[in-house]
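Okay, so the sequence shown: first residue is 306 according to this note's numbering, each after it adds one.
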Amino acid sequence: MIERKFVLEKVKEFQIKEFISQTLKNIGHSNTTVQRTPLGEKIVIKAARPGLVVGRKGDNIKKLTITLKKKFKFENPQIEIEEVKQPMLDAQIVAERIASNLEKFGLQKFKGIGHKTLQDVMDAKARGIEIIISGKVPSKRARSWRFYKGYLKKSGEATSTGIRTAYATALLKTGIIGIQVRIMPPDLILPDDVTFKEELIEEKEEPKKKKKETKKPSRKKIEKAKETKKTIDKDKK
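Here it is, written out as structure tokens:
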């Protein structure tokens, strides 16, 4: 059946992503994509620190390639590493970072870890961030702690397409702690954002009207006018 084959491929792809995520834990792993090509499977891994993923002289990549061949029966897996340019705007990297800090420093400093992460994400010019830490924090009873800063859209299409959401877990002595991170990136355009374009009005200078030049009467005309006036006066007398 085509449907069953499609489901099995998706399950296998999910297992590959989970395996790589657990293998590359605490080194800034963002996400993994699996592509099928005529030459074999192409696996693209996005991480904040590609050097740690590759390892010294490519040892980590070689080990990961061998493991994928054995565990998932790949013939010729090609692994590519891409660097995440803005790790503090990647929700998955931020969630994994919080989980790593909780496992390292414990629950006594969970508030400091939350507020420090908020400030780091806002310094990366995010529009808003929300962190929810759930579990036995810090008491024996389970509860949720919410850290919030900036502006974050809660409804509409932007929440499903534009808001970056990620989940992570931290394994502590008190149990498993769940971490949810939601980040609103700076380049997200909301439907209710309105921008007005200012039209440049060019001021045209009106052509100056030429003044009519009044020509002064010449001397000959003045003298003739005087003579005619004198003759008129004589006639009157």
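Quick reminder that beta carbons are idealized off the backbone N, C-alpha and C, glycines included.
With 16 other CB atoms within 10 Å as the buried threshold, where does Ile-481 fall? The residue labelled residue 481 in the question sits at position 176 within the sequence shown. Within 10 angstroms of the beta-carbon of Ile-481 lie fewer than 16 other beta-carbons, which makes it exposed.
How is the beta strand (DSSP E) around Arg-309 delimited, first residue to last? Residue mapping note: residue 309 aligns to position 4 of the sequence shown, counting from 1. Not the beta strand (DSSP E): Arg-309 falls in the alpha helix (DSSP H), residues 307-328.
Under a three-way DSSP split, which group does Thr-466 fall into? Reading the sequence shown from its first residue, position 161 is the one you call residue 466. Helix.
Compare the Cα-Cα distances from Glu-387 to each of Leu-423, Glu-346, Asn-336 and report the closest residue. Residue 387 sits at position 82 when you count from the first residue of the sequence shown. Closest by alpha carbon: Asn-336.
Can you have a look at Leu-344 and say buried or exposed, based on whether 16 or more other CB atoms are within 10 angstroms of its CB? Counted from its first residue, the sequence shown places residue 344 at position 39. Residue burial is scored here from C-beta neighbours: Leu-344 has fewer than 16 other C-beta atoms within 10 angstroms and is therefore classed as exposed.
Is the segment 377-394 close to the segment 451-459, with three or more CB pairs under 8 Å? No: the two stretches stay apart, fewer than three of their Cβ pairs being nearer than 8 Å.
List in chain order: all unbroken beta strand (DSSP E) runs of 3+ residues lying wholly within the segment 471-497. Entirely contained in the segment 471-497, the beta strand (DSSP E) runs reaching 3 residues are, in chain order, 480-489.
Span separating the alpha-carbon of Asp-497 from that of Arg-361: Position 192 of the sequence shown, counted from the first residue, corresponds to residue 497. Position 56 of the sequence shown, counted from the first residue, corresponds to residue 361. Rounded to the nearest whole angstrom, the CA to CA distance from Asp-497 to Arg-361 is 49 Å.
Would you list the one or two residues that DSSP bridges to Asn-336? Taking the sequence shown and counting its residues from 1, the one referred to as residue 336 is at position 31. In the DSSP output, where bridge partners are listed per residue, Asn-336 has Lys-351.
Using DSSP's beta-bridge definition, name the partner residues of Phe-452. Here the question's residue 452 lines up with position 147 in the sequence shown. For Phe-452, which the question treats as bridged, DSSP gives the partners Ile-436.
Tell me whether Gly-363 is buried or exposed, calling it buried when 16 or more other Cβ atoms sit within 10 Å of its Cβ. Indexing the sequence shown from 1 puts residue 363 at position 58. Around the beta carbon of Gly-363, a 10 Å sphere encloses fewer than 16 other beta carbons of the protein chains shown; the residue is thus reported as exposed.
N- and C-terminal bounds of the beta strand (DSSP E) containing Gln-383: The sequence position of residue 383 within the sequence shown is 78, counting from 1. For Gln-383, the enclosing beta strand (DSSP E) starts and ends at 383-388.
When DSSP labels each residue in this structure, what does Thr-372 get in the three-state scheme? Within the sequence shown, the letter at position 67 stands for residue 372. Reduced to three states, the DSSP call for Thr-372 is helix.
Beta-carbon proximity check, Gly-455 vs Gly-419, cutoff 8 Å: Numbered from 1 along the sequence shown, position 150 holds the residue referred to as residue 455. Numbered from 1 along the sequence shown, position 114 holds the residue referred to as residue 419. The Cβ atoms of Gly-455 and Gly-419 lie no closer than 8 Å to each other.
Give me, in chain order, the residues of the same chain whose beta-carbon lies closer than 8 Å to that of Glu-385; leave out the 5 immediate sequence neighbours on both sides. In the sequence shown, the residue the question calls residue 385 occupies position 80. Answer for Glu-385: Lys-347, Ile-348, Val-349, Ile-350, listed in chain order.
Status (buried if at least 16 other CB within 10 Å, exposed otherwise) for Asp-395: For the purposes of this step, residue 395 is identified with residue 90 of the sequence shown, where counting begins at 1. Asp-395 should be labelled buried.
Beta-carbon spacing of Leu-477, Glu-401 below 8 Å: Counted from its first residue, the sequence shown places residue 477 at position 172. Counted from its first residue, the sequence shown places residue 401 at position 96. In this structure, Leu-477 sits away from Glu-401, with a CB-CB distance that is not shorter than 8 Å.
Please classify Glu-435 as buried or exposed, where buried requires at least 16 neighbouring CB atoms within 10 angstroms. The residue you call residue 435 lines up with position 130 of the sequence shown. It counts as buried.
Thinking just about the alpha-carbon of each residue, which of Val-339, Arg-341, Thr-372, Gly-333 is nearest to the one in Pro-355? The residue labelled residue 355 in the question sits at position 50 within the sequence shown. Scanning Val-339, Arg-341, Thr-372, Gly-333 for the CA closest to the CA of Pro-355 turns up Gly-333.
Going by the CB atoms, is the gap between Ile-488 and Val-399 shorter than 8 Å? Reading the sequence shown from its first residue, position 94 is the one you call residue 399. Reading the sequence shown from its first residue, position 183 is the one you call residue 488. In contact: Val-399 and Ile-488 (Cβ atoms closer than 8 Å).
Considering Cα atoms alone, identify which of Arg-469, Gln-485, Glu-380, Glu-308 is closest to Pro-491. The residue labelled residue 491 in the question sits at position 186 within the sequence shown. For Pro-491, the closest of Arg-469, Gln-485, Glu-380, Glu-308 by C-alpha to C-alpha distance is Arg-469.
Near Asn-406, which residues of its chain fall below 7 Å by C-beta distance, leaving aside the five closest residues on each side in sequence? The residue given as residue 406 occupies position 101 in the sequence shown. Answer for Asn-406: Ile-418, listed in chain order.
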